[in-house]
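For reference, the structure discussed in these notes is given below.
This is the structure in structure tokens:
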């Protein structure tokens, strides 16, 4: 670390002095996106993560002939001949022509932490390197309009936000994290609150002062990825604070009441609506995490009561709304968890445990051919019998859909070249 003649570290100035001097909270700044200038393909992504691991056999991959493993739910028809889904997914059943279900994803990371990192990065977790999640990569590759964060994270129930990380790309590509419940009557984003006592003109004046400080540091030719990332975060923070487009996007209360009802007046549904509004404003990647799917106990009670209904309504409304607005052609929607659940119902309270050998996921948009089912599992949904794919293949598909080469090389902090996705090929059937 570089030290100046008076013994003050540049990092200390940034952490202790700049934030206070400009009336901005450091913790908030580190949540704000600050991406480099880069060409944009005009593609967007909405990544929905079902934290805990959704039961594939009770949702997308029903097995009515599986005997005791079948569970309590029946299947219903969809608007796609031959595809049947859980009876508690009536909204998604009506939109099946607009998305594709992949039923044959398989891997071996059966614990939450490694499973989540694998599904959120496309790379297996290793001690020596932290890979960036999808939003961080999109942030680096695709530019948003000035003042609009490239990458926004919307918590929607559960906890596990710590599993999201910009990894070796650094804080400059971390998410703008919008805490709070968008279904609340008084919903507001704390990070957008104007520092008390400051006018927009005062904020702009302080931004110019910060630019001057940064220029003088750069003239000293002092380089550090963390510090440079913090510089970009502060600069972007000022832009976001003064962005009318961002404030308008987060003003979900101004949305037509009928549309809000269509998405569902619950946290997940309103998070999906907020994702659509952010994409319209120019955000390139919105990640929503929806927790509670780790159903070791009361699997059927919880799926029927608190999990499947809001997920079904919100996701179906999002896909339909994007389609109707002409946004689905440029927006990829990917919904997955970290793994599936055991076909065998356990004795601990009618639950299903972790099962990475088979899982299902949904893709829609950016040219993906709707109305498909890719892959097949055996008669108990225990493992694929056709077209097995890995999470790395799914990640490569995600990147292909938004115009990013998954084999592109970045450089880790130690200088070594690292591919965005180390192993994996796009699932070609997604595009017909």
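Numbering (the numbering used here), first residue to last: 85 to 516.
We treat Cβ as the ideally placed atom computed from N, Cα and C, and that holds for glycine.
Residue environment, residue i, which counts as buried when at least 16 other CB atoms sit within 10 Å
i, result
"residue 477", "buried"
"residue 497", "exposed"
"residue 117", "Here the model assigns residue 117 a pLDDT of 39, short of 50, so the residue's position is not dependable and the matter cannot be decided."
"residue 163", "exposed"
"residue 269", "exposed"
"residue 127", "buried"
"residue 469", "exposed"
"residue 489", "exposed"
"residue 512", "exposed"
"residue 500", "exposed"
"residue 505", "buried"
"residue 253", "buried"
"residue 224", "buried"
"residue 212", "exposed"
"residue 549", "The requested residue 549 does not occur in the structure, where the chain is confined to residues 85 to 516."
"residue 239", "buried"
"residue 393", "buried"
"residue 429", "buried"
"residue 178", "exposed"
"residue 229", "exposed"
"residue 421", "buried"
"residue 113", "Here residue 113 scores only 42 on pLDDT, less than 50, and its place in the model is too uncertain to base an answer on."
"residue 340", "exposed"
"residue 180", "buried"
"residue 105", "The predicted position of residue 105 is uncertain, since its pLDDT is 39 and thus under 50; no value can be drawn from it."
Residue i - containing alpha helix (DSSP H), residue span
i, result
"residue 398", "392 to 408"
"residue 347", "341 to 347"
"residue 273", "Per DSSP, residue 273 belongs to no alpha helix (DSSP H) and is neither H nor E."
"residue 332", "328 to 334"
"residue 386", "383 to 386"
Those residues which DSSP pairs with residue i across a bridge
i, result
"residue 447", "184, 418"
"residue 517", "Coverage of the chain is limited to positions 85 through 516, which leaves residue 517 absent and any answer about it impossible."
"residue 461", "468"
"residue 527", "In the structure as shown, the chain begins at 85 and stops at 516. Residue 527 is therefore absent and cannot be evaluated."
"residue 134", "374, 421"
"residue 369", "129, 235"
"residue 213", "210"
"residue 525", "The chain is shown from 85 up to 516; residue 525 falls before or after that span and cannot be answered."
"residue 502", "494"
"residue 456", "184"
Sub-8 Å separation of residue i and residue j beta-carbons
i, j, result
"residue 160", "residue 419", "no"
"residue 448", "residue 403", "yes"
"residue 189", "residue 443", "yes"
"residue 427", "residue 210", "no"
"residue 525", "residue 234", "Beyond the ends of the chain as shown, which are 85 and 516, falls residue 525; an answer cannot be given."
"residue 218", "residue 454", "no"
"residue 396", "residue 450", "no"
"residue 440", "residue 199", "yes"
"residue 236", "residue 327", "no"
"residue 357", "residue 372", "no"
"residue 480", "residue 508", "yes"
"residue 471", "residue 485", "no"
"residue 424", "residue 137", "yes"
"residue 351", "residue 267", "yes"
"residue 172", "residue 216", "no"
"residue 405", "residue 349", "no"
"residue 398", "residue 347", "yes"
"residue 482", "residue 411", "no"
"residue 330", "residue 391", "no"
"residue 334", "residue 220", "no"
"residue 383", "residue 139", "yes"
"residue 134", "residue 377", "yes"
"residue 206", "residue 510", "no"
"residue 158", "residue 463", "no"
Residue i: first and last residue of the uninterrupted beta strand (DSSP E) it sits in
i, result
"residue 483", "No beta strand (DSSP E) holds residue 483; the alpha helix (DSSP H) holding it covers 475 to 485."
"residue 493", "493 to 495"
"residue 235", "235 to 239"
"residue 224", "Premise fails: residue 224 lies in the alpha helix (DSSP H), 218 to 225, not in any beta strand (DSSP E)."
Distance cut-off 7 Å: residue i Cβ against heavy atoms of the ligand ZN
i, result
"residue 427", "In the structure on display, the ligand ZN does not appear, and there are no ligands present to speak of."
Start-end ranges of the alpha helix (DSSP H) lying completely within the segment 157 to 202, minimum 4 residues: 174 to 177
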